[in-house]
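Quick note on numbering: the sequence shown equals residues 1385 to 1565 in the working numbering. All residues carry an ideal CB built from backbone N, CA and C; glycine is no exception. In this text, all values refer to a predicted model and were calculated from it rather than measured experimentally.
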Amino acid sequence: MLYGYAPRQFGIATSPDTPVTDLATWLSDRALMTDVIRQHLNRAKQSIKRQADEHRSERQFQVGDLVFVKIQPYVQSSLAQRSNQKLALKFFGPYRILARVGNVAYRLELPASSSVHPVFHVSQLKKSAGARHSVTNHPPSDAVLWSVPQQILQTRSVVKGTRSISQGLIKWCNLPRSLAT
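Below, the structure is given as structure tokens:
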């Protein structure tokens, strides 16, 4: 099992006609145990594959589709500078797909100013919802990044333990109402 081939035990080759009955029994037990181990390994392999496939989704895009790109903002800052990298938005775009590269990668039409490689794995892309999203040729500007609160849209109180905490839905300057936080 360890090396991927059937080992020879004590220099004894498996043959159907062995003169010693104990040896024949031992060889048949060894073959049975090998089959049992193979079945257990296949069952474990199928279980691991099933669990891994639960978190995967089959995604395919067409050339010309608009997609959002998921980039870790604290790793990649050439698309947009953020004041707080950890809390920044994860998706940029939408960008147009120029070509399909292989089975799971796509080349995108990124702005000329970005220093990101234009080919992305399908797991880093999310399809744009369509007409309600506007296409931008460049990531958000610094004016959007340094937004200040403009209006409190809604408030609520949430009980955490023995304390009551006030929360508010804030509309930010230079951002649409749909991006209120």
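Spatial distance of residue i from residue j (CA atoms)
| i | j | result |
| --- | --- | --- |
| lysine 1555 | serine 1541 | 18 Å |
| tyrosine 1479 | proline 1495 | 9 Å |
| aspartate 1526 | leucine 1537 | In this prediction, aspartate 1526 scores a pLDDT of 46, lower than 50, which makes its location untrustworthy; the coordinate-derived value is nonetheless stated afterwards. If you take the alpha carbons of aspartate 1526 and leucine 1537, they lie about 24 Å apart. |
| leucine 1425 | serine 1431 | 10 Å |
| isoleucine 1549 | serine 1498 | 41 Å |
| histidine 1439 | lysine 1433 | 11 Å |
| valine 1488 | valine 1506 | 5 Å |
| leucine 1407 | threonine 1418 | 16 Å |
| glycine 1477 | leucine 1559 | 15 Å |
| alanine 1415 | lysine 1429 | 21 Å |
| tyrosine 1490 | glutamine 1423 | 39 Å |
| arginine 1547 | leucine 1563 | 28 Å |
| alanine 1436 | leucine 1473 | 27 Å |
| leucine 1553 | phenylalanine 1475 | 21 Å |
| glutamine 1535 | arginine 1427 | 58 Å |
| alanine 1513 | arginine 1561 | 17 Å |
Beta-carbon gap between residue i and residue j smaller than 8 Å
| i | j | result |
| --- | --- | --- |
| valine 1485 | valine 1500 | no |
| valine 1447 | isoleucine 1421 | no |
| glutamine 1508 | lysine 1454 | yes |
Run of the beta strand (DSSP E) containing residue i, from where it starts to where it stops
| i | result |
| --- | --- |
| serine 1562 | It is not in any beta strand (DSSP E) - serine 1562 carries neither H nor E in the DSSP assignment. |
| glutamine 1551 | 1547-1556 |
| glutamine 1534 | 1533-1544 |
| lysine 1474 | Taken as a continuous stretch (DSSP letters only), lysine 1474 belongs to no beta strand (DSSP E), as it is neither H nor E. |
| alanine 1489 | 1489-1492 |
| valine 1503 | 1503-1505 |
Beta-carbon proximity list for residue i, same chain, < 7 Å, skipping 5 on both sides
| i | result |
| --- | --- |
| tryptophan 1511 | For clarity, residue 1511 is lysine in the given sequence; the question names tryptophan instead. Cβ neighbours of lysine 1511 beyond the five flanking positions: Phe1445, Asp1449, Val1451. |
| glutamate 1442 | none |
| serine 1412 | none |
6 Å CB neighbourhood of residue i in its chain, flanking five on each side removed
| i | result |
| --- | --- |
| glutamate 1493 | Tyr1479, Arg1480, Leu1482 |
Contacts around residue i, its chain only, beta-carbon distance under 8 Å, and the 5 residues preceding and following it disregarded
| i | result |
| --- | --- |
| valine 1532 | Trp1556, Cys1557 |
| glutamine 1551 | Thr1539, Arg1540, Ser1541, Val1542 |
| threonine 1565 | Leu1553, Ile1554, Trp1556 |
| threonine 1409 | none |
Please list the segments of the beta strand (DSSP E) lying wholly inside the region 1425-1454, counting only runs of 3 or more residues, in order along the chain.
If only uninterrupted beta strand (DSSP E) runs of at least 3 residues are considered, those enclosed by the region 1425-1454 are 1450-1454.
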